[in-house]
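Peer 1: Numbers 1 to 520, taken from full-length UniProt numbering, label the letters of the sequence shown in order. First the structure, then my questions, so here it is.
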Amino acid sequence: MRADSSALETGDKPVGGRTPTVIRLLVLATFVVILNETIMINAIPTLIHDLEITERTAQWVSTAFMLTMAAVIPVTGWFLQRVSTRRAYLIAMVTFLAGTALCAVAPNFAVLLVGRVVQAGGTAVMMPLLMTTLMTVVPEQDRGKVMGNVTLAISVAPAMGPVISGLVLKAGDGMKDTISPWRWLFVLVLPIAAAVTWFGLRKLENVGEPQSGSIDWLSVVLAALGFGSLVYGLSHFETDNWTTPALIVAAGAALIAAFAFRQISLQRTSTPLLDLRVLLAGTYTKALVLMSIAFMAMMGSMILLPLYLQNLRGLDPLQTGLLVMPGGLAMGLLGPTVGKIFDRFGGRVLVIPGSIAITASLAGFTLISANMPYAALLGLHVLLMVGLAAAFTPVFTLGLGALPMNLYSHGSSMLGTLQQVAAAFGTALVVTIMSARTTDLVKDGIAPNEAMLSGMKIAFAVSAVLSVVVIVMAVLLPSRSDNPHGGGHGGEHGGEIPTADADLDAELETELKKTELVKD
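Written out as structure tokens, the structure reads:
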């Protein structure tokens with residue numbers, strides 16, 4: 001899917017900020033796969049009991065999903081330039097359906113994990129496909145509104161995930177002698193995903209034209225092993241043995257470095273799997289850091305809160321889902337409003353207050369106790385989600401808008417990759433910190449519940465400290481990306497697309513010309 005002027009020849013140009021049909025269809029599919037990504041978080045305690053696994057093992061239902069996405073998403077920058085929109089959609093949804101079916105019939109945790117990995121392989125394509133298509137067909141002046149509408153849909157999905165899983169698990173308890181309740185989470189998704197796939201293939205139009213090119217399998221292997229080793233090592237830190245996990249983390253970091261050097265080499269002689277020259281755009285890089293840390297905070301809280309509410313407060317999965325639902329709904333419903341404010345006033349008036357709200361909410365969670373009022377918990381969670389809503393739409397738009405049009409797919413892939421790595425990193429980090437602290441205190445004779453509560457407080461405190469970086473990046477971001485030739489305007493200027501970010505220095509401009517980054 002090449003991002004050029006032909007991308008706009010679909011007969012579906014946006015008018016006055018109206019969301020194009022192709023974007024609506026992709027949002028519908030993305031809603032389904034994102035819903036499935038979060039629907040298992042609330043089922044972790046049930047899996048622990050039903051499959052007789054440990055808390056750390058159960059964590060891999062979410063971590064393996066995110067890790068697989070982190071390994072696959074780097075390929076999507078190359079992939080989306082080589083296939084049509086319809087073919088990318090078909091491959092993604094069929095892969096997702098196959099993984100869902102495998103999860104539904106999984107006889108044990110190992111097979112369930114394989115199914116989640118296959119699901120993630122399909123899911124990994126959808127978000128970059130959506131964002132790349134959006135940046136290609138929507139003019140710069142309308143992106144805030146359209147991105148806001150997209151945010152509404154993709155934010156409601158994770159908000160509804162815990163509620164839906166709670167309802168399904170509660171209803172499934174009555175049939176648990178016949179089928180395990182958690183299996184219904186996959187059985188019910190199958191016909192919905194199949195219907196969305198069929199409808200999308202009937203209505204979806206191609207955007208742009210595929211380009212030819214070969215894939216560098218060494219890069220694929222380096223990315224998968226590097227990111228996999230990093231998160232695997234982090235999730236296996238123990239209070240009494242840090243040597244082996246530290247070595248695994250170091251090996252992962254070395255493989256990621258090798259992957260980066262490989263991409264730099266390919267940029268000179270061939271086609272890189274992931275074009276790292278997007279990092280030369282200052283605004284894009286700042287957005288990348290901000291989004292990564294914010295995702296760490298979001299996923300860490302999404303893991304800790306269900307554990308706290310169910311293991312320490314005695315709530316069932318449905319009650320847990322209902323308690324966290326308002327925050328997710330607030331995030332989604334604010335999407336269109338945030339988009340309109342961004343189009344009118346720019347990003348800083350949203351991102352700076354939003355980043356402060358993120359840090360404040362995480363700091364508030366360090367005060368949790370065994371009898372903290374539910375209203376206070378609800379308020380802190382809503383504050384976190386509102387802060388994320390104020391940050392995500394502007395940061396996505398500013399970051400990708402800072403790139404030349406033909407780098408949108410690589411920019412989307414880089415954002416998606418680091419989001420998933422950060423989410424997996426954040427999930428592993430908070431669970432490892434909580435587990436290590438809990439183990440130490442139990443050995444010292446502290447009651448298990450009191451020990452776990454102390455571990456959660458420390459995990460939230462670490463998240464709050466890390467989120468200070470979000471505030472710093474928010475202050476450094478501009479209000480707008482100076483990209484008059486991006487998005488829906490690329491066809492007006494032929495092949496001479498200037499650098500997209502006002503903050504880019506002369507080095508990037510020289511590099512773009514030298515490597516023929518922007519082509520006719």
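Yeah, the Cβ is synthetic: ideal placement off N, Cα and C, and Gly gets one too.
What is the rounded straight-line gap between the Cα of S463 and the Cα of K203?
Peer 2: 43 Å
Peer 1: Exposed or buried, G445, counting other C-beta atoms within 10 Å across all chains shown (16 or more means buried)?
Peer 2: exposed
Peer 1: Could you spell out the range, first to last residue, of the alpha helix (DSSP H) harbouring G200?
Peer 2: V189 to K203
Peer 1: If the criterion is Cβ atoms closer than 9 Å, does the pair G327 and L384 meet it?
Peer 2: yes
Peer 1: Determine the direct distance from the alpha carbon of Q263 to that of D275, and round the result to whole angstroms.
Peer 2: 7 Å
Peer 1: Taking only the alpha-carbon atoms, compute the straight-line gap between K443 and S454 and give it to the nearest angstrom.
Peer 2: If you take the alpha carbons of K443 and S454, they lie about 14 Å apart.
Peer 1: Can you give me the C-alpha to C-alpha distance between S62 and I356, rounded to a whole angstrom?
Peer 2: 27 Å
Peer 1: Run through DSSP, which three-state label would P74 get?
Peer 2: helix
Peer 1: Please name the residue, chosen from M126, F295 and T123, that lies closest to L362 on a Cα-to-Cα basis.
Peer 2: F295
Peer 1: Whose C-alpha, out of L230, L323, H410 and Q420, is nearest the C-alpha of A254?
Peer 2: Minimum Cα-Cα distance from A254 among the listed residues L230, L323, H410 and Q420 corresponds to L230.
Peer 1: Taking 9 Å as the threshold (C-beta atoms), are L273 and V75 in contact?
Peer 2: yes
Peer 1: Assign G314 to buried or exposed, taking buried as 16 or more other Cβ atoms, counted over all protein chains shown, within 10 Å of its Cβ.
Peer 2: exposed
Peer 1: Go ahead and pull the three-state DSSP assignment for A281.
Peer 2: coil
Peer 1: Within the same chain, show all residues whose beta-carbon is closer than 8 Å to that of T38, passing over the 5 residues directly before and after it, in chain order.
Peer 2: A157, P158, G161, P162 and M302
Peer 1: Out of curiosity, what's the CA-to-CA distance linking G331 and A246?
Peer 2: In the sequence as presented, Gly is not what sits at residue 331; that position holds Met. Approximately 37 Å, taken between the alpha carbons.
Peer 1: Under a three-way DSSP split, which group does V27 fall into?
Peer 2: helix
Peer 1: Can you tell me where the alpha helix (DSSP H) holding V465 begins and where it ends?
Peer 2: P448 to L466
Peer 1: I need the straight-line Cα distance from L280 to M135, nearest angstrom please.
Peer 2: Cα-Cα distance, rounded: 19 Å.
Peer 1: Using a threshold of 9 Å, state whether the C-beta atoms of S435 and T132 are closer than that.
Peer 2: no
Peer 1: I471 and V352 - do their beta-carbons sit closer together than 9 Å?
Peer 2: The question names Val, yet the displayed sequence has Ile at residue 352. Against a cut-off of 9 Å, the Cβ pair of I471 and I352 comes out as a contact.
Peer 1: Tell me whether P45 sits in a helix, a strand or coil according to DSSP, three-state version.
Peer 2: helix
Peer 1: Does H410 pass the burial test, meaning 16 or more other C-beta atoms within 10 Å, or should it be called exposed?
Peer 2: buried
Peer 1: Assuming P317 contacts K170 (C-beta within less than 8 Å), just tell me the rounded distance between them.
Peer 2: 7 Å
Peer 1: Indicate whether the contact test is met: 3 or more Cβ pairs, each with one atom in the region 390-403 and one in the region 282-301, closer than 8 Å.
Peer 2: yes
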